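Student:
Numbering (my numbering), first residue to last: 201 to 284.
Given below as structure tokens:
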């Protein structure tokens, strides 16, 4: 199973209480399920509003189950940002 780094930004970072953490997952859906389980408080609510980058590429509207993760990859968790 690939080992990836999940990086949290802004409200997601505040909700998780950390800036980044390792995760073992084959898909984005599996990674998000794992971090929801680790941080059951505010983070699951924040994740519903987030967009994601996997290795620098936007996930967009692709189903998270179809987004494969690579060994050593990075998942960026990006909540909506205010301002311009």
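For each residue, glycine too, the CB sits at the ideal point set by N, CA and C.
Keep in mind it's a predicted model, so treat the numbers as computed, not measured.
So, with DSSP's three-state summary, where would you put residue 245?
Tutor: Here residue 245 is taken as the residue at index 45 of the chain shown, counted from 1. Residue state, collapsed to three classes: helix.
Student: Could you tell me the distance, in whole angstroms, from the CA atom of residue 238 to the CA atom of residue 255?
Tutor: Position 38 of the chain shown, counting from 1, holds the residue named residue 238. Position 55 of the chain shown, counting from 1, holds the residue named residue 255. The straight-line gap from Cα to Cα measures roughly 22 Å.
Student: In the structure shown, what three-state DSSP assignment does residue 235 receive?
Tutor: Counting from one through the chain shown, the residue named residue 235 turns up at place 35. Helix at residue 235.
Student: When DSSP labels each residue in this structure, what does residue 278 get in the three-state scheme?
Tutor: Locating residue 278 in the chain shown gives position 78, counting from the first residue. DSSP places residue 278 in strand when its eight states are reduced to three.
Student: Taking the C-alpha atoms as reference points, what is the distance between residue 213 and residue 232?
Tutor: Start at 1 with the first residue of the chain shown, and residue 213 comes out as number 13. Start at 1 with the first residue of the chain shown, and residue 232 comes out as number 32. Each residue's alpha carbon lies about 14 Å from the other.
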